[in-house]
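So the protein lines, in turn, are chains A and B.
Sequential numbering of the first sequence, starting at 209, is according to my numbering.
Sequential numbering of the second sequence, starting at 209, is according to my numbering.
2 protein chains.
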Amino acid sequence: MPVRSESSRSLESAAMEDYLEQIHALIESKGYARVVDIAANLGISQASVTNMIQKLDTNGLVIYEKYRGTVLTPAGEKIGRDIRKRHDMLTKLLQNFGLDEATIYADVEGMEHHISQSTQRALEMLTEELENNPQMARRIRQRLARLRLPAEPPLNGVTE
Amino acid sequence: MPVRSESSRSLESAAMEDYLEQIHALIESKGYARVVDIAANLGISQASVTNMIQKLDTNGLVIYEKYRGTVLTPAGEKIGRDIRKRHDMLTKLLQNFGLDEATIYADVEGMEHHISQSTQRALEMLTEELENNPQMARRIRQRLARLRLPAEPPLNGVTE
DNA sequence: AAACTAAATTAGACGCGACTAACTCTCGGG
DNA sequence: CCCGAGAGTTAGTCGCGTCTAATTTAGTTT
């Protein structure tokens, strides 16, 4: 589907963004990003990682030297950092609602590639406002809890 | 990337969901879904539509008869309806922040395939609470507006 | 009823991002 | 110093979702 507007950083696919996010995280935590670690963290084969790294190099997002390490260019680093920021922002937002961590993680993973700058800023502020208004988040959590209870067994019987 | 949890209705790709959403919308508004209309609305070629419809038939989501129309099965209709619901929910949520319509549309289009049931419910309630609390949305809009103004020219000069 | 036109379909191709299998390189221990 | 294990790479394939070009069908129009 084409369309897009301001939302379009489009030259980078969701897959490329995932790699850059991961490489960025590894460099931050370990000081370097090895193929084997990227592969493990992303749950894919090493061959796929090498492939993509070569493509990222072609696109000027990393600097790649065969059998040597991989380094982010400023452009690549910006993308990695931005995606991480979106990731953290969405996670924080969703954590207000008492959802289970696996669900939050999966949804964030899916959504983080599809959020424009403007929407990101809006949701950041929403998250802040929500934190200044704990009773709103509380009410939502309660309403959600109530939503699931109807399926529970009526509390009167032998639980064994 | 694997993972997924409750978020996984995974047997249907994002593309398939887009088609089902579109077919559902066309059937609702016109009573039938023609290949040429689906193609136009999705911005892709008719050949691609025929292809995908055959695949959707194989997967039991539509009933396809060559050169005749296409009809949703109950399973397909459910998916189409659900996606539409997520679409509308996300749109409503984002409309609170004064973003421009094209941005909202693009972001929603991207996000709607990546939201679990639980997250959807949570965001629905958030949207409701936001509507009961217009001053919160107002404050966010104002803060966003303020965020952009710093780039404006200082209001003292010749505007021509 | 024949012809024309618009819709639908088929055939064949492509790019992306993943895979496996086979190889090549690097580097630390002996 | 060399050599083996583990890291990295290459080659070749696959499925998905798209495309264009060519073909077939259906539904007017006359």
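The C-beta atom is built at its ideal place from N, Cα and C for all residues, glycine as well.
Fair warning: this is a prediction, and the values are worked out from it, not measured in the lab.
Residue i beta carbon near the ligand FAD (any heavy atom closer than 8 Å)
i: residue 279 of chain B; result: For the ligand FAD, the structure offers nothing, since it holds no ligand at all.
Same chain, Cβ closer than 7 Å to residue i, neighbours up to 5 away in sequence not counted
i: residue 340 of chain B; result: none
i: residue 249 of chain B; result: 230
Own chain residues within Cβ distance below 6 Å of residue i, not counting five before or after
i: residue 234 of chain A; result: 241 and 245
Contacts that residue i makes with chain A (C-beta to C-beta distance below 7 Å)
i: residue 299 of chain B; result: Chain A residues near residue 299 of chain B: none, gap ~12 Å exceeds 7 Å.
i: residue 354 of chain B; result: Within 7 Å Cβ-Cβ: nothing; residue 354 of chain B doesn't reach chain A, min ~11 Å.
i: residue 224 of chain B; result: Those within 7 Å of residue 224 of chain B in chain A number zero; the least Cβ separation is about 13 Å.
Closer than 8 Å at the beta carbon, the chain A residues around residue i
i: residue 283 of chain B; result: Residues of chain A passing the Cβ test: none, with the nearest at roughly 22 Å.
i: residue 302 of chain B; result: 327 and 330
Backbone CA spacing between residue i and residue j [nearest angstrom]
i: residue 365 of chain B; j: residue 349 of chain B; result: Note that residue 365 of chain B scores 42 on pLDDT, short of 50, meaning its location in the model is unreliable; the coordinates nonetheless yield the value given after this. Roughly 28 Å separates the two Cα atoms.
i: residue 283 of chain A; j: residue 224 of chain A; result: 13 Å
i: residue 251 of chain A; j: residue 327 of chain A; result: 29 Å
i: residue 221 of chain B; j: residue 287 of chain B; result: 11 Å
i: residue 335 of chain B; j: residue 267 of chain A; result: 40 Å
i: residue 217 of chain A; j: residue 219 of chain B; result: With a pLDDT of 44 at residue 217 of chain A, under the threshold of 50, the modelled position of that residue is not reliable, and the figure given next carries that caveat. Taking the straight line from one Cα to the other gives about 28 Å.
i: residue 279 of chain B; j: residue 317 of chain B; result: 24 Å
i: residue 262 of chain B; j: residue 256 of chain B; result: 10 Å
i: residue 331 of chain B; j: residue 352 of chain A; result: 10 Å
i: residue 343 of chain B; j: residue 355 of chain B; result: 18 Å
i: residue 338 of chain B; j: residue 264 of chain A; result: 41 Å
i: residue 308 of chain A; j: residue 347 of chain A; result: 17 Å
Residue i: contacting residues in chain B (beta-carbon distance under 8 Å)
i: residue 323 of chain A; result: 315, 318 and 319
i: residue 260 of chain A; result: Near residue 260 of chain A there are no residues of chain B at all, since even the closest Cβ is about 13 Å away, more than 8 Å.
Neighbouring residues, chain B, relative to residue i (Cβ below 7 Å)
i: residue 348 of chain A; result: 330, 333, 334 and 337
i: residue 351 of chain A; result: 333
i: residue 307 of chain A; result: 326, 327 and 330
Close Cβ partners of residue i (< 8 Å) along its chain, the five nearest in sequence each way excluded
i: residue 258 of chain A; result: 243
i: residue 247 of chain A; result: 253, 254, 256 and 257
Stretch pair the stretch 306-321 of chain B + the stretch 312-322 of chain A: three plus CB contacts closer than 8 Å: yes
Members of the stretch 227-248 of chain A that neighbour chain B once the beta carbon cut-off is set at 7 Å: none
Near-chain B residues of the stretch 326-339 of chain A (beta-carbon distance less than 7 Å), N- to C-terminal order: 326, 327, 329, 330, 333, 334 and 337
Cβ contact (3+ pairs, closer than 8 Å) linking the stretch 265-274 of chain B and the stretch 300-316 of chain A: no
Touch test, the stretch 310-317 of chain A against the stretch 282-300 of chain A, Cβ-Cβ under 8 Å, three pairs minimum: yes
Any 3 or more C-beta pairs closer than 8 Å across the stretch 222-233 of chain A and the stretch 283-293 of chain A: Contact holds: three or more Cβ-Cβ distances are below 8 Å.
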